[in-house]
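S.K.: Below you'll find the structure I mean.
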Amino acid sequence: MEKKLIIFLMLAAILLTTVYPVLAETQKITPQMAADHVKKAVRLIEEKGPDIAFPILSDPDGEYVDGELYVFTYNMEGTIIQHLRPALVGKNMMNIKDKDGKCLACEFLRIAKEQGQGWSQYWWPKPGSGELSIKVSYIMKVPSHAMFVGVGIYDMTIDQIKASIKVKD
Numbered sequence: 257m258e259k260k261l262i263i264f265l266m267l268a269a270i271l272l273t274t275v276y277p278v279l280a281e282t283q284k285i286t287p288q289m290a291a292d293h294v295k296k297a298v299r300l301i302e303e304k305g306p307d308i309a310f311p312i313l314s315d316p317d318g319e320y321v322d323g324e325l326y327v328f329t330y331n332m333e334g335t336i337i338q339h340l341r342p343a344l345v346g347k348n349m350m351n352i353k354d355k356d357g358k359c360l361a362c363e364f365l366r367i368a369k370e371q372g373q374g375w376s377q378y379w380w381p382k383p384g385s386g387e388l389s390i391k392v393s394y395i396m397k398v399p400s401h402a403m404f405v406g407v408g409i410y411d412m413t414i415d416q417i418k419a420s421i422k423v424k425d
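The opening position of the sequence shown corresponds to residue 257 in our numbering, with each subsequent residue numbered one higher.
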């Protein structure tokens, strides 16, 4: 009996140490996590300025990047000015459309200018698979700068978000 208990406990320990990290890595990003992440990034830009904030926001090992959870920043002309993927920095997105013909940067800019913050839904290639996936991004204008910050969530719609979140200030 004692031997069976020891074997059971050893198996449980092995499972916990191997399965839990995998489950933690694949944690689903919630709308609240995305909105909070954007607000935290906006505060950082407000407090430190873009020159100091952007390297912090883009650090793959930093607190603003966690798997699929990362921050992107555009200027008010639709150009990416901060991103986890450096190759995208400097790219104007005003002519980029999703499979339904939606201009992503145009919609992001409209939200930033007219509402100050809000959600946008569009199609985008999912990292790893490259397949088009529905995606929503929470967008927020940086009050003291001509820019906005966003965070996206794959495999979620605005209707699902409305049913699950109340964005806090």
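Ideal Cβ placement from N, Cα and C applies to all residues, glycine included. Note that the structure is a prediction, hence the values are computed from the model and not measured.
Among the residues of its own chain, which have a CB less than 7 Å from the CB of I439, if the five just before and after it don't count?
M.R.: Here the chain comprises residues numbered 257 to 425, so residue 439 is not present and cannot be evaluated.
S.K.: At which residue ranges does the stretch 314-354 contain complete beta strand (DSSP E) runs of 3 or more residues, listed in the order of the chain?
M.R.: With a minimum length of 3 residues, the continuous beta strand (DSSP E) runs that stay inside the stretch 314-354 are 328-331, 336-338.
S.K.: According to DSSP, simplified to helix, strand and coil, what is V278?
M.R.: The residue given as residue 278 occupies position 22 in the sequence shown. Caution is warranted here: a pLDDT of 40 is assigned to V278, below 50, making its placement in the model unreliable, and the coordinate value is therefore given only provisionally. In this structure, V278 counts as helix in the three-state DSSP scheme.
S.K.: Beta-carbon separation of Q298 and M396 under 8 Å?
M.R.: On the sequence shown, residue 298 is found 42 positions in, with the first residue counted as 1. On the sequence shown, residue 396 is found 140 positions in, with the first residue counted as 1. At residue 298 the sequence reads Val, which differs from the Gln that was named. For V298 and M396, yes; Cβs fall inside 8 Å.
S.K.: Whose C-beta lies closer than 6 Å to the C-beta of R373 among residues of the same chain, with five residues either side of it excluded?
M.R.: By one-based count along the sequence shown, residue 373 stands at place 117. In the sequence as presented, Arg is not what sits at residue 373; that position holds Gln. These residues qualify, in order along the chain: M396.
S.K.: Does the Cβ-Cβ distance between M377 and T413 come in under 8 Å?
M.R.: Here residue 377 is taken as the residue at index 121 of the sequence shown, counted from 1. Here residue 413 is taken as the residue at index 157 of the sequence shown, counted from 1. Note on residue identity: the sequence assigns Gln, not Met, to residue 377. In contact: Q377 and T413 (Cβ atoms closer than 8 Å).
S.K.: Return the first residue and the last residue of the alpha helix (DSSP H) that P287 is part of.
M.R.: Walking along the sequence shown from the start, residue 287 turns up at place 31. Looking at the DSSP string, the run of the alpha helix (DSSP H) that includes P287 is 287-304.
S.K.: Please classify G386 as buried or exposed, where buried requires at least 16 neighbouring CB atoms within 10 angstroms.
M.R.: What you label residue 386 is simply residue 130 of the sequence shown in a count that begins at 1. It counts as exposed.
S.K.: What residue does the beta strand (DSSP E) around S376 start on, and which one ends it?
M.R.: On the sequence shown, position 120 is the one that residue 376 refers to. Start and end: 373-381.
S.K.: What are the start and end residues of the alpha helix (DSSP H) that includes I395?
M.R.: Position 139 of the sequence shown, counted from the first residue, corresponds to residue 395. Careful: I395 lies outside any alpha helix (DSSP H), inside the beta strand (DSSP E) at 388-398.
S.K.: Once the 5 residues before and after S400 are set aside, which same chain residues still bring their CB inside 7 Å of it?
M.R.: Here the question's residue 400 lines up with position 144 in the sequence shown. Excluding residues within five positions, the ones whose Cβ falls inside 7 Å are E302.
S.K.: Using a 10 Å radius around the Cβ and a threshold of 16 neighbouring Cβ atoms, would you call P287 buried or exposed?
M.R.: The count along the sequence shown starts at 1 and reaches residue 287 at position 31. By the 10 Å Cβ count, P287 comes out buried.
S.K.: Per DSSP, G408 is paired with what?
M.R.: Sequence index remark: in the sequence shown, residue 408 carries index 152 (1-based). The partner list for G408 (beta bridge, DSSP) reads S393.
S.K.: Can you tell which of W380, G406, M403 has its C-alpha closest to the C-alpha of D356?
M.R.: Reading the sequence shown from its first residue, position 100 is the one you call residue 356. That would be W380, whose Cα lies nearest to the Cα of D356.
S.K.: Should S420 go down as buried or exposed, given a rule of 16 or more other Cβ atoms within 10 Å for buried?
M.R.: On the sequence shown, position 164 is the one that residue 420 refers to. Exposed, because fewer than 16 other Cβ atoms sit within 10 Å of the Cβ of S420.
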